[in-house]
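S.K.: Residue numbers (our numbering), protein chains in the order written: chain A, -12 to 640; chain B, 8 to 109; chain C, 13 to 492; chain D, 19 to 535.
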């Protein structure tokens, strides 16, 4: 235990120090040879990874297991800002199953991305900056998952937001990148505002930020919230529900749930490895993590919100999947698939129960499980896409095709990951997604149907992607410029990550999640529900088959179908015009309407009033000038009238 | 005998005649004379008050004497200044001295 | 009762001034060298001033059966007047040497005789003596105003001054006569006893009296002469008018209000409330657009008169002390301003505000001094003007009456306008660019010394609390 | 000598020194300024340290380092009394930092440098004097001493429509102090029961609490508005955009960074502390007003094109937040308000410094005519991004600490209406992000705009009715770096480890908060 406690600060401190070091003096020191900065970053991060692995292993197999449930350790908790005696923001380190799991996910993917970037970002302007920001992001993400109190989470929440901003705007000379970065930051910021308000409401009633206090459960209630907030109403709604819904909105912003999803596709302007790390594997699941973290509160005190979350999730996953079918920019396809997969996780949480008796909390487990697996294969997909883009210098499908013979490693890993995400056994995605479907089935048939359909879509668009890239027809461009296999330091991460997806079926690995990661932290035996499993496999296969038919070879069926479903296709390919709506609201209404009006009001009414006062006094002074006429007798008149008037006044006073 | 009010009426009339003169006369000398009327009204007041109301002191009489004296001095200066004006402007009408205004 | 000559001892100020006068009268006949005469005159008057300081506490007492009263307060006031006059002499030195060669003797003689008139006003014990003082102070003033030989302005200013003065003194006398009729006495203390159970007659009399004195202090609407006369008069005399004669009139006015009309303060406070508001506002509104600095300062001094009257309005010992304090500081400040104007006018003949554009680049010292004066007039700390304003407002506010706070508030709002036009001068000197700024000038030693004195006074007086304390301690001398 | 008086004395010495140095010896003057302000900074640092030490040692009286000398007595009781609690210490530290950075930021002033620095010192004297005073009269004296140099500093050394701006600023602030003065008289003459001796001493007045409520009702609004004008409270804020836009760099820094804090500080120290009952009654009016200025300022900042206007309006928004939180009248919110003063002071000073440095080279502040500066002057631009992040409340920088304390504290208000207002205030954090990123995206990022590269030299090309100017561009030079880095470091210190300063402030607010509830 001591070792863990002593090691744990490294996980936060080291990335932060690396950020400061690389950020402040990276450019100066390594001007001649930027790669050193990359190596330093990678080395530092591998240390972090080792430490997190060690801690996770120690926790899961040695320290964590309590009498019946896994304990929640607070390894350290330093007072950072004291607002009142109770409302204290601390920077701490909480170790419990989900945070331990997240440590592994983050450090793994981050390390892979670090290694990968050594090749991918080689020779880029601002290489040091890139690694500095990666370190910053790792620091922030780690701090987020190990947060001991909701405000610490909010702090690091903002930090991941800004590091995402910095990475998206990495190519800050490209206006599109800048625009995307602004969009990402502002949209998430907008959601964060709700998060903040939620925190305010919650802390106002419960008078604490501490997760342990907030999520403490006894006899079917999240005790604190229940006692403090039960029955509090605001405008006919339970305050608890409002608060928890607002907090969820925060999560929805980061996790790109509808209607906050618009930033994620644009965020692909950033360097591909960064997208893999932030916008596929880790940051975007922060919302899921948040809901999981507050799960007891949601489940016991705001179950209506949980239901809403379920339906939002379901809708988003469907919505995103449909769009993904029509995109031609491979990174955007992946982005939408990410949105849809994260929505899955939300659905899983929504359909989960709390106790682990007869698999009630299967959804919770499945959600975290899917989070894990998805992180791995989606990162792998992105990195693979990175290799491809690196090879053909384009994001567009049309620039690709038939690449399998040029870049076999990328091809294999990509295929594996596609199979995983499509939910084909024995790859990891199958298991996690299957559990989600089971949970949904047991809880709510509508959601199940929706998710099952989305599973099919997923399989379809992923393999559409796969076929378009690696099969389809030779692209004439390749004749004079042959795509080449990526360097080794880019391929290793692909291999590693794809390996992660392959061994879930082992009965050493398989029971890990059910045993260790459950809502009440009590493990249980999981046996597979074969009916649903088969159903989902079938759906997936159908999806793949359709993709096979349409995209294996170049043919006109896709256009024909697109012609059939014209309006659907068009609107889907325009992402259902959500961005345009946003643009209209922000540009026309808020900017053109409110801001301009206020600015005008300020200049002309408020300021005008002040100027008016000045003008009045000046005019007055000109109007009365003739009183001083220079004529002696008029002076005397004034004198006399003055005397009489004053006399009148004084006498009648 | 004539009541005190009568005198006061006279003096008040005189005062306002003087004021009127000051306000309407166009000639500086005339204006000066109007001032004299005002002062005389004042003198009447003092004398009358002293004589009728407070006969046991002489303050009113004294005062009126002083007023007469001061008035003389004032007139002297005023006349000389008016002459000065005449030298400068060849004119002693009040309208002629409104260079300084506003 | 038979005349007791020892009473003249209590008139030491007047006596020594008369001596100075006679000496100068003779010297004017004997000494042909004007410069030497000036030195003599200034020296003699300086001597008188110093003597005044040494004789100002112990010689309390009255003369002429109480027509003349003198005490610590009165003699302090006279000392202030002396200092002011002395500074004016210093500033006028250059002018006397050049434009006024012919009339140096008259200049001093007339000035000093007005001064003696002011002495009388200040330590008047009854209306007769006050009236004599008033006229003695104002009649020679007309001649002084007329000493401006350039163009027709001097003559016109003098004519306007003397005629309106006589008119106003006529009105005032009418009032006094009515007061006499109503109260049966001209002694302030007896009037105080008799001036009760007010009738319309009393009020009308009072108003006439206020009008007469308000003319000297140039309160609106009795102020019309001010601007024209100030503009027309020689700058030195303008300074003298705007500070010394105004100050003396205020003292006299205050002492009379506090003595003769002490029993019915509400009556004249109501009148003053309105007079003050109107005076400050009108003065400011006129000052805003003035281009001629002398005229500008004339209107500024009108609004300043309004502020001064605030202290009178307070009708308390604090009010008196703050009034005296205000005038003391106002004297130094305004004299500094006029000193600079006259210095520049003597050298270049320029008095327009636009002529001052870019003055800082050519004459930084003058511009700096002018800035101090303007800030002080505007009541900006840490300059003396701030303290005087603060104390005079405090005197009004001390009554804890709502109406008084309203008055203070209105006055303060007016300070914004006044600050505006004071800053206009600063702006002209520091900010405005000018293709033909006033060339660098070297002002004569006399003016420089006087200017230095004023500037130092502006800078330090506020910080030396003992000054205000002393004034406070002596200023009960007015009420008895 | 008392350490607090030492601040003023040192400044006076600087005043004399600079006055004596002949104007053409510009470097001598600058280094005198630098040395002097270093001393000030040292004093401030020592003050903080010693203050904390004494509190540790258990010094319990409200004002430490108290010292009092009778000035006027009897007719009117004025004494030069100094003393500091946590709030004033924080403010003094802020002023010291801003002053020294301001000195370095105005290193490049060539025209009439001597006079410039003279007025600059005058301004600083007013600021420090204000913060150390516990006597209402001296406080007010220093307050106005701080106001008036602005006129000349802006009017002479400013840019754009400077005469107008300077005059407007001066008159509006003087108008504020006109309101204020009436309030001060009221406070003074009701400072004690009829028997007791009147006093200007804040502590005694608060202790006597002799002002009857019906008079408080009259004087509280006057006093609050009087200070509120300087605190840029809606609708009395319009001096701020023009004033800041026209002022020279260091003056904007000092004015937005420190002088506007006088407003909030005064509102808290004088209006609220001395007239609590009326404050409780009328707080809601001003809460609404300030709440408006929070959102209003942010919104109008979104569509400005002049960098300084953007920052001025954001100042309106942030300072509105200060008063807003103060009026919530609980310890946490007030602590947040003071923190916000600190952080806003630092970051807005940083903003103005950077804007000044950019403007000094491009000769335009219009964001429509700027772009891609990040490639040209990376140092300045990175600093600008950091400032922006601080201003939109990024954790780890001071803005976040302040705003979160304010929101949490204000939301603890027991009245629902107030809590709803707080939620309204929260929207400002989004709008802030919008206008900050608008600037960052437009002028720092993106491709070069109106900038041409000749060899290694970048030139800014501006055609100004007809003729074309080429202004060479460069990155920051040493004194600019000192100024910006100094500010950034202090922002980061507060942001990374806020607990000590927030505790220091909060403990000195305990009594007031208790009294106001």
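Beta carbons are placed, not taken as given, at the ideal position from N, Cα and C, and that holds for glycine.
Who are the neighbours of residue 191/A on chain D, taking C-beta pairs under 8 Å?
M.R.: What residue 191/A touches in chain D: 429, 430 and 437.
S.K.: Against residue 220/C, what residues of chain A qualify as contacts under a CB-to-CB distance less than 7 Å, listed in chain order?
M.R.: Residues of chain A passing the Cβ test: 630.
S.K.: Taking the CB atoms as reference points, tell me whether residue 262/C and residue 324/C lie closer together than 9 Å.
M.R.: Yes, the Cβ-Cβ distance between residue 262/C and residue 324/C is below 9 Å.
S.K.: At 3 residues or longer, and completely inside the stretch 95 to 160 of chain D: list those beta strand (DSSP E) runs for me, N to C.
M.R.: Runs found: 96 to 102.
S.K.: Quick one: is residue 215/D buried, meaning 16 or more other Cβ sit within 10 Å of its Cβ, or exposed?
M.R.: When all chains shown are included, residue 215/D counts as exposed.
S.K.: Alpha carbon to alpha carbon, what distance is there between residue 506/D and residue 404/D?
M.R.: Roughly 8 Å between the two C-alpha positions.
S.K.: Quick one: give me the first and last residue of the beta strand (DSSP E) that residue 67/A is part of.
M.R.: Segment 60 to 69, the beta strand (DSSP E) holding residue 67/A.
S.K.: Is there a C-beta anywhere in chain B that falls below 9 Å from the one on residue 172/C?
M.R.: Closer than 9 Å: yes.
S.K.: Quick test of your reading: residue 470/C and residue 345/C, contact by CB under 8 Å. State the CB separation rounded to the nearest angstrom.
M.R.: Their Cβ separation, rounded to whole angstroms, is 6 Å, which keeps residue 470/C and residue 345/C in contact under 8 Å.
S.K.: Residue 469/D versus chain C: which residues are under 8 Å apart at the beta carbon?
M.R.: Going along chain C, no residue has its Cβ under 8 Å from residue 469/D, so there is no contact; the nearest lies around 32 Å.
S.K.: Could you check if residue 45/D is buried or exposed, using at least 16 other CB atoms within 10 Å of its CB as the buried criterion?
M.R.: Exposed: under 16 other Cβ atoms inside 10 Å.
S.K.: Could you check whether the stretch 478 to 490 of chain D touches the stretch 179 to 195 of chain A, counting it as contact only if at least three pairs of C-beta atoms, one from each stretch, sit closer than 8 Å?
M.R.: As far as the Cβ criterion goes, the stretch 478 to 490 of chain D does not touch the stretch 179 to 195 of chain A, which means the pair count is below three.
S.K.: Over the uninterrupted alpha helix (DSSP H) stretch that includes residue 425/A, give me the two end residues.
M.R.: From DSSP, the alpha helix (DSSP H) with residue 425/A extends over 415 to 430.
S.K.: Return the residue from the list 284/C, 24/C, 358/C and 433/C that minimises the CA-CA distance to residue 81/C.
M.R.: Closest option to residue 81/C, Cα to Cα, is 24/C.
S.K.: Check each candidate in 40/D, 42/D, 43/D and 58/D and name the one with the smallest Cα separation from residue 31/D.
M.R.: The candidate whose alpha carbon is nearest that of residue 31/D is 58/D.
S.K.: Would DSSP call residue 294/D helix, strand or coil?
M.R.: Residue 294/D: helix per DSSP, three-state reduction.
S.K.: Using 9 Å as the limit for Cβ to Cβ distance, is residue 150/D near chain C?
M.R.: No, because no Cβ of chain C sits closer than 9 Å to the Cβ of residue 150/D.
S.K.: Determine, using beta carbons only, whether residue 276/D and residue 135/D come nearer to each other than 9 Å.
M.R.: Not closer than 9 Å, so no.
S.K.: For residue 610/A, would you say it is in contact with chain B, using Cβ-to-Cβ distances shorter than 9 Å as the test?
M.R.: No, residue 610/A does not count as interfacial toward chain B.
S.K.: Rounding to the nearest angstrom, what Cα-Cα distance links residue 178/A and residue 236/A in this structure?
M.R.: Rounded to whole angstroms, residue 178/A to residue 236/A spans 6 Å at the Cα level.
S.K.: In chain order, what residues of the same chain have a beta carbon less than 8 Å from the beta carbon of residue 531/D, not counting five sequence neighbours either side?
M.R.: If we look at residue 531/D and ignore the five residues flanking it on each side, its Cβ neighbours are 347, 348, 349 and 352.
S.K.: CA-CA distance, residue 483/C and residue 92/C?
M.R.: Approximately 11 Å, taken between the alpha carbons.
S.K.: What does a CB cutoff of less than 7 Å around residue 372/A pick up in its chain, not counting 5 residues either side in sequence?
M.R.: The answer, listed in chain order, is 259, 317, 318 and 321.
S.K.: Spell out the partners DSSP gives residue 324/D in its beta bridges.
M.R.: BP columns for residue 324/D point to 384/D.
S.K.: Please decide whether residue 160/C counts as near chain A, where near means a Cβ-Cβ distance under 9 Å.
M.R.: It does not; no Cβ of chain A falls within 9 Å.
S.K.: So if I threshold CB-CB distances at 7 Å, which residues from the stretch 75 to 100 of chain B count as touching chain C?
M.R.: So the close ones are 77, 80, 81, 84, 85, 88, 89, 91, 92, 95 and 96.
S.K.: I need the straight-line Cα distance from residue 16/B to residue 293/C, nearest angstrom please.
M.R.: Between residue 16/B and residue 293/C, the C-alpha separation is close to 38 Å.
S.K.: So which residues of chain D does residue 431/C contact, with C-beta pairs closer than 8 Å?
M.R.: Those within 8 Å of residue 431/C in chain D are 188, 189 and 192.
S.K.: Quick check on this structure: which residue in 283/D, 318/D, 54/D and 128/D has the alpha carbon closest to the alpha carbon of residue 109/D?
M.R.: Looking at the Cα atoms, 283/D is the closest of the given residues.
S.K.: Go through its chain and collect everything with a Cβ distance to residue 80/A's Cβ below 8 Å, but skip five positions before and after it.
M.R.: Correct list, in chain order: -5, -4, -2, -1, 61, 62, 63, 64, 133 and 135.
S.K.: Drop a sphere of 10 angstroms on the beta-carbon of residue 174/C, count the other beta-carbons inside from all chains shown, and report buried for 16 or more, exposed for fewer.
M.R.: Its Cβ being crowded by 16 or more others within 10 Å, residue 174/C is buried.
S.K.: Please determine, among 339/D, 367/D and 371/D, the residue with the shortest C-alpha to C-alpha distance to residue 358/D.
M.R.: Per the Cα distances, 339/D.
S.K.: Counting contacts by CB-CB distance shorter than 9 Å, is residue 162/B in contact with chain C?
M.R.: Any question about residue 162/B goes unanswered here, given that chain B covers just 8 to 109.
S.K.: Pairing CB atoms from the stretch 229 to 245 of chain D with CB atoms from the stretch 299 to 307 of chain D, are three or more of them under 8 Å?
M.R.: These segments touch.
S.K.: Check each candidate in 372/D, 385/D, 529/D and 414/D and name the one with the smallest Cα separation from residue 464/D.
M.R.: With distances taken between Cα atoms, residue 464/D lies closest to 385/D.
S.K.: If you draw a straight line from the C-alpha of residue 442/C to the C-alpha of residue 448/C, how long is it?
M.R.: Taking the straight line joining both Cα atoms gives about 14 Å.
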